[in-house]
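**Student:** Counted from 1, the sequence shown has number 174 at position 174 by the working numbering; the numbering is strictly sequential. Backbone N, C-alpha and C fix where the C-beta goes; we use that ideal spot for every residue, glycine too. Quick caveat, the model's predicted, so the values are computed rather than measured. Let me begin by handing over the structure; questions about it come next.
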Amino acid sequence: MEVEPVSFVRDSTRNLLKINRRKHRDEESDLRRSLKEISITSEDIASIANKLKTKPAITAVDLRTLKNGLINDVKHCAVFLNVNGALRGLVRELTGLQVDRQCAAAGCCCNLALGDARVCTAVAKAAGSYLVAALDNLTVELAVDRQCAAAGCCCNLALGDARVCTAVAKAAGSYLVAALDNLTVELAVTCAWALGNLAGSGNRVCSILAAQGAVSKLSDYHANQDLQVAAIYALLLFAYEMKDELKPEHLQKILQTLSKLELTSDSLHLLFILSCHEHFAESMKEELLEKLLKHLPSAIEIHNRQTKIHYNLIYILRVLANSNTITNEDKQFTEKEVVE
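Written out as structure tokens, the structure reads:
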């Protein structure tokens, strides 16, 4: 009887992650859509990709167009990658001195990361570490068009298939990781979303990005709320794809950070996935366990008022069940005490 609920929760988790990734793609598309109708063709993408080969030729407008084009059609990710040197040029903008171009490049990486596994792998390898470094970027500036646009292009490319994501990961992954340390909030947040999009393409890309320091950097506590939300989104996808391959030290760091945060649907979802890790029970923080127990009554109350399944309650109950660290020896001793 117990197999059905477990299987149901696993299937629901898998479907929710797919829906969240698709939802993020739609939200990005709505967010980047201009007031007037603009048609961006494959020829436009190829033209901008060729411009990226030469630094003086590219403009902030080009990068914004590229970012929007990557989110409009997954095929555009493949068109971009087929231009030799385009991804290298995008990474150049991501690591440049002009903040506006840097943010634009991060946005491109973010959108590229919604592509297929090949694209995500390429982005992870090329820009992963730079995206991670940008997570520490907390400077709020006005002239960030080009940098953020380039980051946006990477973000949108990361919405492509595995092939696209692989390419973006390889070419821009390290730069995206590095940009997490950037002092521009917009750039850091965009890079975090890009890393999450890349991670959602599969375990191979996750391994590439993890080796570049993505998981460690994303696991830090972030004072900026937008950055923290983006980091949780990314970690959720890393944890789901990597499963027990997630290093114990990364698991402990994530749990330490979660213990400092308010419990939300995303953080509980992440915690549930982490609770399936083989080293979870020994890594669970006491303060986090206490926070879950305090949150349980309200979750039950909300569940009783609803006609639909309240996933937060399911996540909490599963985490509590997986947090049981009592060994057989301890259990036998406890039972003996009860008998006496």
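1) Could I get the ranges of all uninterrupted alpha helix (DSSP H) runs contained in the region 122 to 200, with 4 residues as the minimum, in chain order?
2) In the DSSP output, which residue or residues are listed as bridge partners for Cys-276?
3) Are there 16 or more other CB atoms within 10 angstroms of the CB of Gln-212, so buried, or fewer, so exposed?
4) Mind checking Glu-93: buried by the 16 CB within 10 Å criterion, or exposed?
5) Are the region 242 to 256 and the region 159 to 167 in contact at 8 angstroms, needing three or more beta carbon pairs?
6) Going by CA-CA distance only, name the one from Ala-223, Gly-196 and Ala-149 that's closest to Val-215.
7) Within 10 angstroms of the Cβ of Leu-81, are there 16 or more other Cβ atoms? Answer buried if so, exposed if not.
8) DSSP three-state call for Leu-97: helix, strand or coil?
9) Given that a residue counts as buried once 16 or more other Cβ atoms are within 10 Å of its Cβ, and exposed if not, what is Ala-321?
10) Less than 9 angstroms between the C-beta atoms of Ile-232 and Leu-261, yes or no?
11) With DSSP run on the structure shown, which of helix, strand or coil describes Asn-82?
12) In the structure shown, what three-state DSSP assignment does Leu-246 receive?
13) One question on the structure: do Ala-127 and Val-79 come within less than 9 angstroms of each other, judged by their Cβ atoms?
14) Since Pro-49 is in the alpha helix (DSSP H), which residue starts that stretch and which ends it?
15) In this structure, how does DSSP classify Ala-117 when only helix, strand and coil are distinguished?
16) If we call anything under 9 angstroms between Cβ atoms a contact, is Leu-90 one with Ala-134?
**Tutor:** Quick answer:
1) 145 to 157, 163 to 171, 173 to 178 and 185 to 199
2) According to DSSP, Cys-276 bridges with nothing at all.
3) buried
4) buried
5) no
6) Gly-196
7) buried
8) coil
9) exposed
10) yes
11) coil
12) coil
13) no
14) The residue you asked about is not Pro; residue 49 is Ala in the sequence shown. Segment 42 to 51, the alpha helix (DSSP H) holding Ala-49.
15) helix
16) no
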